[in-house]
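S.K.: My questions will all concern the structure given below.
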Ligand code: NAP
């Protein structure tokens, strides 16, 4: 199915993990996809090659999205290159997990700037473009942790809860321009982010998940692509893809 042919997309943090799978599935549906990364250039180039092999245009753009100026510049580069941005997926995210008593100001700022500040910066820059087009699909990757909280993740939970509140507010403001804004909230998903977690904790996590396993990046990506391709009347929503870990 090539129902996204003629559309262009940006996926932040798409050199690996969930972002990579989102980029791949958007490309399989025919979209041209610009991918962003911060440090893993060769991984990003491998993704570009994979997308081009699917018959679409692709670009790898380095940008450290903890800096708002870099997020704004990312949008401009794609607009200058392709002249349109139809789909923006804000996926880049990091963790710096510690119990509150050990959390430093740097742990707080780094996570809030990367996870939430980047969403503000890219959205504010892309809105005039999408308004002019009278079309836009913005999809922000949050987490069930932003809904439920999680031990050792006060900074991450605040950033992800912030994304949900931001998503709803922006959805209200831009709905009349045919721009939808939604959040996808994954549960524990098998990527490098989760691989950082020690094995004994991983076993405890699985025990909390009603479906008894971690999610797969492709399962998160399917929800993103559904919103991008078929979610014309869906806005301001948080869609949980979490194996039942939070209901
Ligand atoms: P991941 O495997 O750790 O990949 C992170 C991606 O973000 C990489 O492409 C990385 O680029 C990029 N990135 C990191 N810092 C960046 C920065 N400052 N500027 C630009 N890009 C940056 O993560 P993931 O597990 O796929 O997570 C993707 C999203 O899903 C995140 O928002 C995460 O919070 C959310 N999520 C994940 C889980 C989970 O269990 N995995 C659960 C819920 C929500 P480089 O490769 O260049 O470093």
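Numbering (the working numbering), first residue to last: 65 to 311.
The C-beta atom is built at its ideal place from N, Cα and C for all residues, glycine as well.
1. Might you give, ordered along the chain, the residues of its own chain that have their beta carbon closer than 6 Å to the beta carbon of residue 179, omitting 5 neighbours on each side?
2. Check whether the segment 177–191 touches the segment 131–140, taking contact to mean three or more Cβ pairs, one atom from each stretch, closer than 8 Å.
3. So, with DSSP's three-state summary, where would you put residue 160?
4. CA-CA distance, residue 236 and residue 273?
5. In whole angstroms, what separates the C-alpha of residue 220 from that of residue 164?
6. Would you grab the beta carbon distance between residue 256 and residue 94 for me? Rounded to a whole angstrom, and I think it's under 8 Å.
7. Nearest to residue 133 by alpha carbon, out of 181, 286 and 290?
8. What's the gap between the Cα of residue 97 and the Cα of residue 232?
9. Could you give the DSSP three-state label for residue 306: helix, strand or coil?
10. For residue 101, verify whether its CB is less than 7 Å away from any heavy atom of the ligand NAP.
11. Do residue 251 and residue 297 have their beta-carbon atoms positioned less than 8 Å apart in this structure?
12. Can you name, in chain order, every residue of its own chain whose Cβ lies under 8 Å from the Cβ of residue 89, other than the five neighbours on each side?
13. Using beta-carbon positions only, say whether residue 155 and residue 205 come within less than 8 Å of one another.
14. Can we count residue 122 as close to the ligand NAP, meaning its CB is less than 7 Å from some heavy atom?
15. Taking its Cβ as the centre, do 16 or more other Cβ atoms sit within 10 Å of residue 267, making it buried, or is it exposed?
16. Am I right that residue 307 and residue 275 are in contact with their C-beta atoms under 8 Å? What's the rounded C-beta distance?
17. Taking Cβ to Cβ, would you say residue 111 is nearer than 8 Å to residue 87?
18. From which residue to which residue does the beta strand (DSSP E) around residue 133 run?
19. Using alpha carbons as the reference points, say which of 169, 217 and 150 lies closest to residue 162.
20. Extract the residue ranges of the alpha helix (DSSP H) inside the segment 174–211, only unbroken runs of 4 or more that lie entirely within it.
21. Determine which residues share a DSSP beta bridge with residue 250 and list them.
22. Within the present structure, is the beta-carbon of residue 250 separated from the nearest heavy atom of the ligand NAP by less than 7 Å?
23. Exposed or buried, which one is residue 150 when buried takes at least 16 other CB atoms within 10 Å?
M.R.: Concretely, from the data shown:
1. Here the set comprises 157 and 223.
2. These segments touch.
3. DSSP, reduced to helix, strand and coil, places residue 160 outside both helices and strands of the structure shown, so it counts as coil.
4. Residue 273 has its alpha-carbon roughly 33 Å from the corresponding atom of residue 236.
5. Distance between the alpha carbons of residue 220 and residue 164 is about 11 Å.
6. The beta-carbon separation of residue 256 and residue 94, rounded to 29 Å, does not stay under the 8 Å limit for a contact.
7. Out of 181, 286 and 290, 181 has the C-alpha closest to the C-alpha of residue 133.
8. Their backbone Cα atoms lie some 25 Å apart in a straight line.
9. Residue state, collapsed to three classes: coil.
10. Yes, since a heavy atom of the ligand NAP falls inside the 7 Å radius drawn around the Cβ of residue 101.
11. By the CB criterion at 8 Å, residue 297 and residue 251 fall outside the cutoff.
12. Excluding five sequence positions before and after residue 89, the CB atoms of its chain that fall closer than 8 Å to its own CB belong to 282, 285, 286, 288 and 289, given in chain order.
13. Yes; because the gap between Cβ atoms is below 8 Å, this pair is in contact.
14. Outside the cutoff, so no.
15. With a 10 Å radius around the Cβ and a threshold of 16 neighbouring Cβ atoms, residue 267 comes out exposed.
16. Correct: roughly 4 Å between the Cβ atoms.
17. Contact check for residue 111 against residue 87 passes: the beta carbons are separated by less than 8 Å.
18. Careful: residue 133 lies outside any beta strand (DSSP E), inside the alpha helix (DSSP H) at 132–146.
19. Measuring from the Cα of residue 162, the nearest candidate turns out to be 217.
20. Along the length of the segment 174–211, whole alpha helix (DSSP H) runs at least 4 residues long occupy 182–197, reported in chain order.
21. The beta-bridge partner set that DSSP reports for residue 250 consists of 305.
22. Of the heavy atoms belonging to the ligand NAP, at least one sits nearer than 7 Å to the Cβ of residue 250.
23. Buried.
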